[in-house]
Amino acid sequence: MSAVRIFVPIDAAARSVGADETAAAIAAEARRRKLDIELVRNGSRGLLWLEPLVEVEIRGQRVAYGPVGDHEVAGLFEAGFASGADAKGKAGHPKALGPTEEIPYLRRQQRLTFARAGITDPRSLNDYLALGGYRGLAAALEMPPADIVASVTASGLRGRGGAAFPAGIKWQTVLKAAGAQKYIVCNADEGDSGTFSDRMLMEGDPFVLIEGMTIAALATGATRGYIYLRWEYPDAKRALEAAIAAAYAANYLGENIQGSGSRFDLEVRMGAGAYICGEETSLLESLEGKRGQVRFKPPLPAIAGLWGMPTVINNVITFASVPIILDLGAARYQQFGSGRSRGTLPLQLAGNIKHGGLVEVAFGLTLRELLYEYGGGTLSGRPIRAVQVGGPLGAYLPASQFDTPIDYEAFAAINGMLGHGGIVVFDDSVDMAAQARYAMEFCAIESCGKCTPCRIGSTRGVEVIDRLVAGENASKQEALLRDLCETLTLGSLCALGGLTAFPVLSALNHFPEDFVKPKRASASD
Amino acid sequence: MTSPLPRRVIPLKAEPASALRAAERKAIEGACARLKALPGALLPILHAVQEELGLVPKEAVPLIARELNLSIAEVHGVVSFYHYFRQHRGGRHVVHLCRAEACQALGASALEAHAKRSLGIDFHGTTADGAVSLEPVYCLGNCALGPSVMIDDQLQGRVSAQRFDALMAQARLPASKS
């Protein structure tokens, strides 16, 4: 009889709540009971409130238990979870969740980009190949570059980093640009609060990112690539470096990839704690070894990017969505979605939410469905008062806007943005004036300093909000704050200064009662 | 026949970085020698130096500048731009506490106040026993399991005040030098 396979995620979020301790306890308990088990450290399924989520594979089916602390491991063995006695995963134990794929949160998703995440050992190229990996590259190797680009364009894939620019158009520009050396750069500087899909993908299925970047290289004639990764993600660094080494060893990177005659070299470069380096031109400056200061555009990076050469720069999820587009065909991917937002978006439910995690679904679902049907409301059990969508530069939305569909244009229409798909939930104890003040403070801390409205206006914004909340000539302060926001919006080169008005003004417009003195009694009192 | 003169860099001080200890100097020169051929080598070098020494000493700046043929101002500009690089020695453990919105929604501000009070330091400070430095960070990517902190390179989620105290007690154990 072959060994029972037991899965405990190696994802940083799972480890942050004790997955390593649980894995060690399982190994020790199996030794004690002289049971032959194979312990696999997989990626996370994204049901983060259930982490550490332990799965047992019995007769080809995986059943889940969670959250499993190390002190609960002996009890699980006692209930027979490793011997198949609890094969349905329903009977014996209060932490039993049944077959993993049947958990409604997971079953209702449409996982394309995250198809493999949580299933495989992220360091195993064999696992990757066994589950459809590198089929996209195989298809691309049969196509001329222009056809690869046409396929990406036809899929309707738009940049998943936040700006939602059509990926195919960007690639086409690089393909047509003349340059002695072209580059593929992956923006893995996922700095938006409330977002972790890049991290989960890099830790849970790093090969799909490598494959996507390799296809981009074939499509545009680039031979060198960099993954610019934030220092806050050491687990992702380890996962990527292991996967890159495995891809080199199996000739999926380097010279003459799979006998095609094409070359692509890839390495990971670490950021150093600067939110602004998620802005593409700052990122390029940083990769060149400089301060991460925003560049003027034009020229676009596609024309003159890294070291002045034509450069494709896309987000992790954008590149990682390409292999499945090439594998299934653009038409199939294009069938998902709504309006001009095609395909799926890995959304992230975060903050004060009962069922936080990763939800990959086709565009078109409403915010309300996400918050309640997936999220289950707040963790605190209090009513949801506000959600911030799209990171620290996204608008705060009140309950009256929760029926907005997840769609780039629909969010733009309510002065919001979908950004990188992060959704941060606040209950009714939130002080929206404090959130508006924080938005200005964050802009002041993270400004690169190039544009005066952003560098200085953000600090003045904090002061104006303080005076407004203190009730010092409030109507004048409010007018001043609105004027300052307009200056920031119109007078900044990039999104940091340009979008800080979104959280500030949405808080002021939708929750004016928090800005007046005397303040409403705080719900936490 | 004369060969063209190599470009000479005239250092401001006869011997830059003379205040460095020999081991520090060796680490910095080693990092430069290993990495300076990379395109855009400055950040990788600074990371390597900080990983080895726990900081980028002020005296390292002219040395790195000379190795990369950059001005001291350019190197200083980069070191000071990025929040992660530190020029002052920290504690044996560095605690990065997330201040961003998703953690705020779960009480990060209260955790921040508790951390400062219980450690007796402000952000960027180090406890008197040299065990712990406290730094702010803006998102650790653990937004569904906040509030979060990172202790050295280990992420911790759902950090209540009690759990924070337990983690700090653990960090202070003599054997826990990472």
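As they're listed, the protein sequences go chains W and P. Residues 1 to 525 (my numbering) make up the first sequence, in order. Residues 1001 to 1178 (my numbering) make up the second sequence, in order. All residues carry an ideal CB built from backbone N, CA and C; glycine is no exception. Owing to the predicted nature of the structure, the values given are computational and were not obtained by experimental measurement.
Rounded Cβ spacing between residue i and residue j (contact assumed at less than 8 Å)
{"i": "Ala-117 (chain W)", "j": "Ile-6 (chain W)", "result": "So it is not a contact: roughly 18 Å between Cβ atoms."}
{"i": "Ile-184 (chain W)", "j": "Val-312 (chain W)", "result": "5 Å"}
{"i": "Ala-188 (chain W)", "j": "Met-200 (chain W)", "result": "At roughly 12 Å, the Cβ-Cβ gap does not stay under 8 Å, so Ala-188 (chain W) and Met-200 (chain W) are not in contact."}
{"i": "Asp-205 (chain W)", "j": "Gly-364 (chain W)", "result": "With a Cβ gap of about 25 Å, Asp-205 (chain W) and Gly-364 (chain W) do not count as contacting."}
{"i": "Gly-422 (chain W)", "j": "Gln-348 (chain W)", "result": "5 Å"}
{"i": "Leu-418 (chain W)", "j": "Phe-426 (chain W)", "result": "Not really, about 18 Å apart at Cβ, beyond 8 Å."}
{"i": "Gly-1141 (chain P)", "j": "Glu-446 (chain W)", "result": "With a Cβ gap of about 16 Å, Gly-1141 (chain P) and Glu-446 (chain W) do not count as contacting."}
{"i": "Gly-136 (chain W)", "j": "Ile-244 (chain W)", "result": "So it is not a contact: roughly 18 Å between Cβ atoms."}
{"i": "Ser-16 (chain W)", "j": "Leu-1035 (chain P)", "result": "Wrong, their Cβ atoms sit about 31 Å apart, outside the cutoff."}
{"i": "Ala-14 (chain W)", "j": "Val-73 (chain W)", "result": "About 15 Å; that fails the 8 Å criterion."}
{"i": "Glu-360 (chain W)", "j": "Thr-113 (chain W)", "result": "6 Å"}
{"i": "Ala-1065 (chain P)", "j": "Glu-1074 (chain P)", "result": "7 Å"}
{"i": "Leu-53 (chain W)", "j": "Arg-45 (chain W)", "result": "6 Å"}
{"i": "Gly-1130 (chain P)", "j": "Arg-1086 (chain P)", "result": "So it is not a contact: roughly 15 Å between Cβ atoms."}
{"i": "Val-1159 (chain P)", "j": "Pro-1147 (chain P)", "result": "5 Å"}
{"i": "Val-504 (chain W)", "j": "Gly-457 (chain W)", "result": "With a Cβ gap of about 11 Å, Val-504 (chain W) and Gly-457 (chain W) do not count as contacting."}
{"i": "Arg-131 (chain W)", "j": "Ile-119 (chain W)", "result": "For clarity, residue 131 (chain W) is Leu in the given sequence; the question names Arg instead. Going by Cβ atoms, the distance from Leu-131 (chain W) to Ile-119 (chain W) rounds to 7 Å, so yes, they are a contact pair."}
CA-to-CA distance, residue j to residue i, given in whole angstroms
{"i": "Leu-468 (chain W)", "j": "Glu-1112 (chain P)", "result": "25 Å"}
{"i": "Gly-98 (chain W)", "j": "Val-63 (chain W)", "result": "5 Å"}
{"i": "Glu-241 (chain W)", "j": "Gln-1104 (chain P)", "result": "32 Å"}
{"i": "Ile-227 (chain W)", "j": "Leu-266 (chain W)", "result": "8 Å"}
{"i": "Arg-455 (chain W)", "j": "Cys-485 (chain W)", "result": "13 Å"}
{"i": "Val-1132 (chain P)", "j": "Ala-19 (chain W)", "result": "25 Å"}
{"i": "Arg-1172 (chain P)", "j": "Leu-379 (chain W)", "result": "32 Å"}
{"i": "Glu-288 (chain W)", "j": "Ile-257 (chain W)", "result": "27 Å"}
{"i": "Ala-115 (chain W)", "j": "Ala-362 (chain W)", "result": "13 Å"}
{"i": "Gln-1162 (chain P)", "j": "Tyr-408 (chain W)", "result": "42 Å"}
{"i": "Ile-406 (chain W)", "j": "Arg-385 (chain W)", "result": "19 Å"}
{"i": "Leu-493 (chain W)", "j": "Pro-301 (chain W)", "result": "15 Å"}
{"i": "Ala-1048 (chain P)", "j": "Ala-1031 (chain P)", "result": "6 Å"}
{"i": "Arg-33 (chain W)", "j": "Pro-9 (chain W)", "result": "23 Å"}
{"i": "Met-143 (chain W)", "j": "Val-322 (chain W)", "result": "14 Å"}
{"i": "Pro-298 (chain W)", "j": "Ala-304 (chain W)", "result": "9 Å"}
{"i": "Leu-1043 (chain P)", "j": "Gly-498 (chain W)", "result": "28 Å"}
{"i": "Thr-487 (chain W)", "j": "Ala-470 (chain W)", "result": "23 Å"}
{"i": "Ser-1178 (chain P)", "j": "Thr-153 (chain W)", "result": "Residue confidence is low: Ser-1178 (chain P) scores 47 on pLDDT, short of 50, so the model does not pin down where it sits. Its coordinate-derived value is still stated next. Computed Cα separation, rounded: 48 Å."}
{"i": "Lys-95 (chain W)", "j": "Arg-1021 (chain P)", "result": "56 Å"}
{"i": "His-355 (chain W)", "j": "Trp-49 (chain W)", "result": "6 Å"}
{"i": "Ile-317 (chain W)", "j": "Ser-475 (chain W)", "result": "44 Å"}
{"i": "Leu-283 (chain W)", "j": "Leu-35 (chain W)", "result": "50 Å"}
{"i": "Ser-1071 (chain P)", "j": "Val-1078 (chain P)", "result": "11 Å"}
{"i": "Glu-513 (chain W)", "j": "Ala-507 (chain W)", "result": "10 Å"}
{"i": "Tyr-374 (chain W)", "j": "Pro-398 (chain W)", "result": "19 Å"}
{"i": "Gly-416 (chain W)", "j": "Ala-1027 (chain P)", "result": "49 Å"}
{"i": "Pro-122 (chain W)", "j": "Gly-212 (chain W)", "result": "16 Å"}
{"i": "Thr-489 (chain W)", "j": "Ala-272 (chain W)", "result": "27 Å"}
{"i": "Glu-101 (chain W)", "j": "Gly-343 (chain W)", "result": "22 Å"}
{"i": "Glu-285 (chain W)", "j": "Ser-1080 (chain P)", "result": "15 Å"}
{"i": "Ala-30 (chain W)", "j": "Ile-37 (chain W)", "result": "7 Å"}
{"i": "Leu-1068 (chain P)", "j": "Ala-1019 (chain P)", "result": "20 Å"}
{"i": "Ala-554 (chain W)", "j": "Ala-1128 (chain P)", "result": "Residue 554 (chain W) is absent from the model: chain W starts at 1 and stops at 525."}
Residues sharing a beta bridge with residue i, DSSP
{"i": "Ala-434 (chain W)", "result": "Its beta-bridge partners do not exist; DSSP assigns none."}
{"i": "Glu-267 (chain W)", "result": "W:Tyr-226"}
{"i": "Met-1150 (chain P)", "result": "P:His-1096, P:Leu-1155"}
{"i": "Tyr-105 (chain W)", "result": "None; Tyr-105 (chain W) has no bridge partner."}
{"i": "Thr-344 (chain W)", "result": "W:Ala-362"}
{"i": "Arg-531 (chain W)", "result": "No answer is possible for residue 531 (chain W): the residues shown for chain W start at 1 and end at 525."}
{"i": "Tyr-396 (chain W)", "result": "W:Gln-388"}
{"i": "Ala-350 (chain W)", "result": "W:Val-424"}
The ligand SAH heavy atom lying under 8 Å from the CB of residue i
{"i": "Arg-230 (chain W)", "result": "The model on display carries no ligand, and the ligand SAH is accordingly not part of it."}
Legend entry - Within 9 Å of chain P by C-beta, residues of the segment 464 to 497 of chain W in sequence order: The residues in question: there are none.
Legend entry - Within the segment 1058 to 1104 of chain P, ranges of the beta strand (DSSP E) (whole runs, at least 3 residues): Runs found: 1093 to 1098.
Inset, instruction - Using a Cβ-Cβ cut-off of less than 8 Å, list which residues of the segment 315 to 340 of chain W approach chain P; keep chain order. - result: Those residues of the segment 315 to 340 of chain W that come within reach of chain P (Cβ to Cβ, closer than 8 Å) do not exist; the list is empty.
Inset, instruction - Below 8 Å between beta carbons is the criterion; list the residues of the segment 1153 to 1171 of chain P that meet it against any residue of chain W, in chain order. - result: If you check each beta-carbon in the segment 1153 to 1171 of chain P against every beta-carbon of chain W, the ones closer than 8 Å belong to Asp-1153, Gln-1154, Leu-1155, Gln-1156, Gly-1157, Arg-1158.
Inset, instruction - Determine which residues of the segment 1132 to 1156 of chain P have a Cβ less than 8 Å from any Cβ of chain W, and write them out in chain order. - result: Answer set for the segment 1132 to 1156 of chain P: Val-1137, Tyr-1138, Cys-1139, Leu-1140, Gly-1141, Asn-1142, Cys-1143, Ala-1144, Leu-1145, Gly-1146, Ser-1148, Met-1150, Asp-1153, Gln-1154, Leu-1155, Gln-1156.
Inset, instruction - Enumerate, from N- to C-terminal direction, the unbroken beta strand (DSSP E) stretches of 3 or more residues contained entirely within the segment 40 to 69 of chain W. - result: Runs found: 54 to 58, 61 to 65.
Legend entry - Residues of the segment 1076 to 1101 of chain P whose Cβ lies closer than 7 Å to any Cβ of chain W, in chain order: Result list: Gly-1077, Val-1078, Phe-1081, Tyr-1082, His-1083, Tyr-1084, Phe-1085, Ala-1100, Glu-1101.
Inset, instruction - Report the residues of the segment 241 to 267 of chain W with a CB closer than 7 Å to any CB of chain P, ordered along the chain. - result: Residues of the segment 241 to 267 of chain W with a Cβ closer than 7 Å to any Cβ of chain P: none.
Inset, instruction - Entirely within the segment 164 to 199 of chain W and at least 3 residues each: give me those beta strand (DSSP E) ranges in chain order. - result: The DSSP assignment places complete beta strand (DSSP E) segments of no fewer than 3 residues inside the segment 164 to 199 of chain W at 183 to 188, in order along the chain.
Legend entry - Interface residues of the segment 1037 to 1049 of chain P facing chain W [CB-CB below 8 Å]: Taking 8 Å as the cut-off between beta carbons, the residues of the segment 1037 to 1049 of chain P near chain W are Pro-1039, Gly-1040, Ala-1041, Leu-1042, Leu-1043, Pro-1044, Leu-1046, His-1047, in sequence order.
Legend entry - Selection of the segment 1106 to 1135 of chain P by Cβ proximity to chain W, strictly under 7 Å: Answer set for the segment 1106 to 1135 of chain P: Leu-1106.
Legend entry - Short-range partners of chain P found in the segment 176 to 187 of chain W, where Cβ spacing is below 7 Å: So nothing in the stretch comes that close.
Legend entry - Continuous alpha helix (DSSP H) assignments of at least 4 residues falling wholly in the segment 414 to 482 of chain W: The segment 414 to 482 of chain W is shown to contain whole alpha helix (DSSP H) runs of 4 or more residues at 432 to 446, 452 to 455, 457 to 469, in chain order.
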